[in-house]
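> Numbering (the UniProt record's numbering), first residue to last: 1 to 656.
What follows is a structure written as structure tokens; I'll ask about it next.
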Amino acid sequence: CRWHIVTVTIDADLGEATSFIDGVYDGYQNGLPLPRNNGVWEPGADIWVGARPPTDLDAFGRSDSEGTDSKMQIMDAFLWGRCLTEDEIAALYTTMSPAEYGFFDLAAEDAWHGSYSARVDDWESEEANYELYDQEDVEWDGQYSSGRKRPVRDAVAIDIDSFARRPRKPRFETREEVNQRMLSVERAVREALSAKGERAFTDQEFPPDDRSLYVDPGNPPLKLQVVSEWTRPSDIAKEISISSQPCLFSGSVNSSDVCQGRLGDCWFLSAVAVLTEMSRISEVIITPAYNEEGIYTIRFCIQGEWVAVVVDDWIPCESPGKPAFATSRKQNELWVSILEKAYAKLHGSYEALEGGLVQDALVDLTGGAGEEIDMRSPQAQIDLASGRLWSQLLHFNQEGFLLGAGSPSGSDAHISSSGIVQGHAYSILQIREVDGHKLVQIRNPWANEVEWNGPWSDSSQEWTERIKHKLKHVPQSKNGVFWMSWQDFQIHFRSIYVCRVYPPEMRYSVHGQWRGYSAGGCQDYDSWHQNPQYRLRVTGRDALYPVHVFITLTQGVGFSRKTNGFRNYQSSHDSSMFYIGMRILKTRGCRAAYNIYMHESVGGTDYVNSREISCELVLEPYPKGYTIVPTTIHPGEEAPFVLSVFTKAPIKLEAV
């Protein structure tokens, strides 16, 4: 049998159930389609383990909008003799290996009619006794399912104690397991190509025409009307008369390979350049080498989950043999163009890459936690004056976190007299303190002669042989890499982008959504307490000591919005993102009350219209656990989200 964990949430006002499959939001907002009279009950078929729905009154057959006689049709999520607790579900998940379960795509909504209804039939029953779900240590007898009485049936038997005693920590996919899962998608594409009797792959989802170039092919921006043809790498090699064959990688990969083209995606290419310094490109580009079929698989992290993006090798060119967008400095090397194309496909078009945030690209590439430090903000000014920000950057660099920088707003056509492009994204390659000098090594993704010309530039008199030796500095013209002092950096740059890359075992995540009743808005509204709330509790011996945590809140695509890119992918340049924030409170382990000032606040964030916000703090020992309340700024703003906590200590993160 294949095992799946299904969590069902219920919206009494809309009268519908929403499911999460193996911890991943199903994306259709209508619940799980269960075939009647077969499927989950038969030996050898899929087994669905249900997690408890919310425990509020409206979720179990009563709705203020419909009166006390309302009878919702809700989904059967319990297949056991009793409900499994969240701890037991986590423990059950730990016992499963990837070979024993599988992810799958649900059928389209149009296929849910007739015998494949998304909800079970209503039945005559007594009024739901919602109080049962608030009791502790209830011996469930199999007669109740989602709050309604069901006929007696044979449940799937399991000895709960046999796995409840196992370690509770979730099992994480290794890098090799993730890559194998990505390659399985590529193998399916290759098999389909072979079945058609074709030798070269053309991606029909992202075809070599205007639909892949522009957000609106009927109204393309003048700046990007530079593509005259799409060409395969083998034909590009013939056009420029190079003797060597195309290859995915030519020798070692480094930041100087990355060259920006006609597309305004310096933010993405800056992130890629940083990644090359950490030798992590091979973790992103899964296909190991050039292939004549032109099939390449790249992995990106969407809402905390690794997904495979498969593309072909048709390259947009502005003239024969001259690619229009990003390329490698090595003429026969493809990885830069292929990676940019996969990211364009993720967004829906090349044009969609015009403008973005470096930290968002780093998060997509690494699965890390992103943040932006605005050096003009009051807190950053305090940290600059105290020296704390410099110490932080040294720590980030030592920990292997990925860094970028943004110059003050303006057009990238404007270059300051010091050689800094305005409104431009740069890579931060090194943070060093040598002989009393605080220095930052930076790279312009244009990879040309446009670079800093002040103190500590390539031809600067500040360089001594001793410092050159310590920093292994070899001046190279026209490569976009330069050094500058920390003092000058503060003057010429406005933002620092950080991507904290943690081991997977340090990440604890929950998927949730603001929708209907639970889209309560910020604490200025009476509905604030209706937002989803989560308890963070430190376990084991670490509960006796202060614990450092880094918390992120990532919003997905709003339910009322459409996206041209991958499902549930929230582009960093989307102007319709909501302002989001979160509060961390002491509530004695209970849900926060309607008045936030009834609780002690220990941390939180401002409200920012960003894809991801973050909060870093040290939690003092508190046995009952802290309550995290993620919210949008206004009620009724509906979207899915992921709440993640990064920490070395063992914790439990669960809905309350």
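Just so it is clear, CB atoms sit at the ideal spot from N, CA and C, and this is done for glycine as well.
Mapping the DSSP letters down to three states, classify Glu371 as helix, strand or coil.
The residue you call residue 371 lines up with position 371 of the sequence shown. In the structure shown, Glu371 sits in a strand (DSSP, three-state: E or B).
> Which of the three DSSP states, helix, strand or coil, is assigned to Thr276?
Mapped onto the sequence shown, residue 276 falls at position 276. Thr276 falls in the helix class under three-state DSSP.
> What's the gap between the Cα of Thr647 and the Cα of Gln430?
Residue mapping note: residue 647 aligns to position 647 of the sequence shown, counting from 1. Residue mapping note: residue 430 aligns to position 430 of the sequence shown, counting from 1. Between Thr647 and Gln430, the C-alpha separation is close to 25 Å.
> Short of 6 Å in beta carbon distance, which residues of its chain neighbour Asn609, apart from the five on each side in sequence? Order them along the chain.
The residue given as residue 609 occupies position 609 in the sequence shown. Excluding positions up to five away in sequence, the list reads Met577, Tyr579.
> So if DSSP puts Gln523 in a beta bridge, which residue, or which two residues, is it bridged to?
Within the sequence shown, numbered from 1, the residue matching residue 523 stands at position 523. For Gln523, which the question treats as bridged, DSSP gives no partner whatsoever.
> At 3 residues or longer, what runs of the beta strand (DSSP E) sit wholly inside the region 297 to 358?
305 to 311, 315 to 319
> For Thr95, which of helix, strand or coil comes out of DSSP?
For the purposes of this step, residue 95 is taken as the residue at position 95 of the sequence shown. Note that Thr95 scores 44 on pLDDT, short of 50, meaning its location in the model is unreliable and no value can be drawn from it.
> Helix, strand or coil for Gln430, going by three-state DSSP, please let me know.
Against the sequence shown, residue 430 aligns to sequence position 430. Here Gln430 sits in strand by DSSP.
> Less than 7 Å between the beta carbons of Ala593 and Gln533, yes or no?
For the purposes of this step, residue 593 is taken as the residue at position 593 of the sequence shown. For the purposes of this step, residue 533 is taken as the residue at position 533 of the sequence shown. The answer is no: Cβ separation not under 7 Å.
> Would you mind sorting Ile428 into buried or exposed? The rule is 16 or more other CB atoms within 10 Å of its CB.
On the sequence shown, residue 428 is found 428 positions in, with the first residue counted as 1. Buried, because 16 or more other Cβ atoms sit within 10 Å of the Cβ of Ile428.
> Considering only residues of the same chain and omitting the five flanking positions on each side of Tyr607, which have a CB-CB separation below 6 Å?
Looking up residue 607 in the sequence shown gives position 607. For Tyr607, where only same-chain residues beyond five positions count, the Cβ hits under 6 Å are Tyr579, Gly581, Ile633.
> Could you give the DSSP three-state label for Leu402: helix, strand or coil?
Locating residue 402 in the sequence shown gives position 402, where the first residue counts as 1. In this structure, Leu402 counts as strand in the three-state DSSP scheme.
> Measure from the alpha carbon of Gln260 to the alpha carbon of each residue in Met278, Arg299, Val336, then state which is nearest.
As a working mapping, residue 260 is identified with position 260 in the sequence shown. When each option's Cα is compared against that of Gln260, the closest is Val336.
> I'd like to know whether the C-beta atoms of His395 and Ser407 end up nearer to each other than 7 Å.
The sequence position of residue 395 within the sequence shown is 395, counting from 1. The sequence position of residue 407 within the sequence shown is 407, counting from 1. No.
> Counting pairs of Cβ atoms below 8 Å between the region 482 to 491 and the region 303 to 315, do you hit three or more?
Touching, no, given that fewer than three Cβ pairs across the two stretches are closer than 8 Å.
> Do Tyr343 and Leu263 have their C-beta atoms within less than 7 Å of each other?
One-based indexing of the sequence shown puts residue 343 at position 343. One-based indexing of the sequence shown puts residue 263 at position 263. No, Cβ-Cβ distance for Tyr343 and Leu263 is not below 7 Å.
> Straight-line CA distance for Lys330 to Val557?
Translated into the one-based positions of the sequence shown, residue 330 becomes position 330. Translated into the one-based positions of the sequence shown, residue 557 becomes position 557. Each residue's alpha carbon lies about 38 Å from the other.
> Grouping DSSP H, G and I as helix and E and B as strand, with all else coil, what is Ala593?
Counted from its first residue, the sequence shown places residue 593 at position 593. Ala593: coil per DSSP, three-state reduction.
> Apart from the five residues on each side of it in sequence, which residues of its chain come closer than 7 Å, Cβ to Cβ, to Pro635?
In the sequence shown, residue 635 corresponds to position 635, counting from 1. Excluding positions up to five away in sequence, the list reads Ala519, Gly520, Gly521, Tyr525, Ser527.
> Have a look at Gly251 and Thr287 and give me their C-alpha separation to the nearest angstrom.
Along the sequence shown, read from residue 1 onward, the residue named residue 251 stands at position 251. Along the sequence shown, read from residue 1 onward, the residue named residue 287 stands at position 287. A direct Cα-to-Cα measurement between Gly251 and Thr287 gives close to 16 Å.
> What are the complete alpha helix (DSSP H) segments, minimum 4 residues, inside the region 162 to 238?
175 to 195, 210 to 213
> Could you give the first and the last residue of the continuous alpha helix (DSSP H) run that contains Val284?
Here residue 284 is taken as the residue at index 284 of the sequence shown, counted from 1. Note, Val284: alpha helix (DSSP H), 281 to 284.
> List the endpoints of the continuous beta strand (DSSP E) containing Ile496.
The residue you call residue 496 lines up with position 496 of the sequence shown. That run of the beta strand (DSSP E) goes 495 to 500.
> Using only alpha-carbon positions, find the residue among Gln245, Ile442, Ala200 that is nearest to Trp314.
Taking the first residue of the sequence shown as 1, we reach residue 314 at position 314. Measuring from the Cα of Trp314, the nearest candidate turns out to be Ala200.
> Specify, as a first and last residue, the run of the beta strand (DSSP E) that Phe646 falls within.
Residue 646 sits at position 646 when you count from the first residue of the sequence shown. Residues 639 to 646.
> Measure the C-alpha to C-alpha separation of Pro217 and Arg211 and round it to an integer number of angstroms.
Indexing the sequence shown from 1 puts residue 217 at position 217. Indexing the sequence shown from 1 puts residue 211 at position 211. Pairing Pro217 with Arg211, the inter-Cα distance amounts to about 6 Å.
> Mind checking whether Ala361 and Trp267 have CB atoms under 7 Å apart?
Your numbering for residue 361 matches position 361 in the sequence shown. Your numbering for residue 267 matches position 267 in the sequence shown. A contact, by the Cβ cut-off of 7 Å.
> On the DSSP bridge list, what partners appear for Thr287?
Locating residue 287 in the sequence shown gives position 287, counting from the first residue. Answer is none; Thr287 lacks a bridge partner.
> In this structure, does DSSP put Gly604 in helix, strand or coil?
Here residue 604 is taken as the residue at index 604 of the sequence shown, counted from 1. Strand.
> Can you tell which of Thr539, Arg190, Phe493 has its C-alpha closest to the C-alpha of Gln422?
Position 422 of the sequence shown, counting from 1, holds the residue named residue 422. It is Phe493.
> Excluding sequence positions up to five away, which residues of its chain have a Cβ less than 6 Å from the Cβ of Glu283?
Your numbering for residue 283 matches position 283 in the sequence shown. Around Glu283: no qualifying Cβ.
> By a C-beta neighbour count over all protein chains shown, 10 Å radius and 16 as the cutoff for buried, is Glu340 buried or exposed?
Along the sequence shown, read from residue 1 onward, the residue named residue 340 stands at position 340. Buried.
> Can you tell me the Cβ-Cβ gap for Met375 and Ser495, rounded? I've got them flagged as a contact below 8 Å.
If you number the sequence shown from 1, residue 375 lands on position 375. If you number the sequence shown from 1, residue 495 lands on position 495. Indeed they touch by this definition, with Cβ atoms about 7 Å apart.
> Mind reading off the beta-carbon distance from Val547 to Val618? Whole number of angstroms is fine, and I expect it under 8 Å.
Mapped onto the sequence shown, residue 547 falls at position 547. Mapped onto the sequence shown, residue 618 falls at position 618. At roughly 7 Å, the Cβ-Cβ gap stays under 8 Å, so Val547 and Val618 are in contact.
> For Lys652, which three-state DSSP category applies?
Counting from one through the sequence shown, the residue named residue 652 turns up at place 652. Three-state result, Lys652: strand.
> Name the two residues that bound the continuous alpha helix (DSSP H) containing residue 739.
Because the chain here runs from 1 to 656, residue 739 falls outside it and cannot be looked at.
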